[in-house]
Amino acid sequence: MQPHPLIFAGEVSGNRSLLDGALKASGVMLHSFYEVQRSSTALGLVAEGLGAAVVPRLALQKSAYPMIRTVELVEPEVSRTLVLVTRKAAQLSPAARALYDRIAEGATPAV
Numbered sequence: 596m597q598p599h600p601l602i603f604a605g606e607v608s609g610n611r612s613l614l615d616g617a618l619k620a621s622g623v624m625l626h627s628f629y630e631v632q633r634s635s636t637a638l639g640l641v642a643e644g645l646g647a648a649v650v651p652r653l654a655l656q657k658s659a660y661p662m663i664r665t666v667e668l669v670e671p672e673v674s675r676t677l678v679l680v681t682r683k684a685a686q687l688s689p690a691a692r693a694l695y696d697r698i699a700e701g702a703t704p705a706v
């Protein structure tokens, strides 16, 4: 990635702090050429040929950017913790309850 101008999320982004931490842990130093606040902006800049970006997979809608090639990052590994939330007094539908129970089976209890 280093030969390409790099497009990073701004420093206030949660994605940026995850990426910075993973890069630091692996001893890799990268410097951004552009900083943007939204993944969609980064994708637009990539689509225009202005550089390369690291964005969450969910940000990419292939039909919106057919000219963009994606490569899954293997190292450094970047991961994010997700949580399952419901309202305390919520009555879930049977389907939602089944999904909730299924997810909760494999979840680590929150602290």
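In the numbering used here, the protein residues as written are 596 to 706.
In this text, a Cβ means the ideal position worked out from N, Cα and C, and glycines have one as well.
### Query
In terms of residues, what are the limits of the beta strand (DSSP E) holding isoleucine 602?
What you label residue 602 is simply residue 7 of the sequence shown in a count that begins at 1. Per DSSP, isoleucine 602 belongs to the beta strand (DSSP E) from 601–604.
### Task
Taking the CB atoms as reference points, tell me whether leucine 679 and alanine 693 lie closer together than 9 Å.
Looking up residue 679 in the sequence shown gives position 84. Looking up residue 693 in the sequence shown gives position 98. No.
### Query
When burial is assigned at 16 or more other CB atoms within 10 Å of the CB, is serine 767 buried or exposed?
A question about residue 767 goes unanswered here, because the residues of the chain that appear run from 596 up to 706.
### Query
Is alanine 617 closer than 9 Å to valine 707 when the C-beta atoms are compared?
Residue numbering for the chain in the displayed model covers 596 to 706; residue 707 lies beyond these limits and cannot be assessed.
### Query
Mind checking leucine 638: buried by the 16 CB within 10 Å criterion, or exposed?
Here the question's residue 638 lines up with position 43 in the sequence shown. Label assigned to leucine 638: buried.
### Span separating the alpha-carbon of arginine 557 from that of alanine 659
With the chain covering 596 to 706 only, the question about residue 557 has no answer from this structure.
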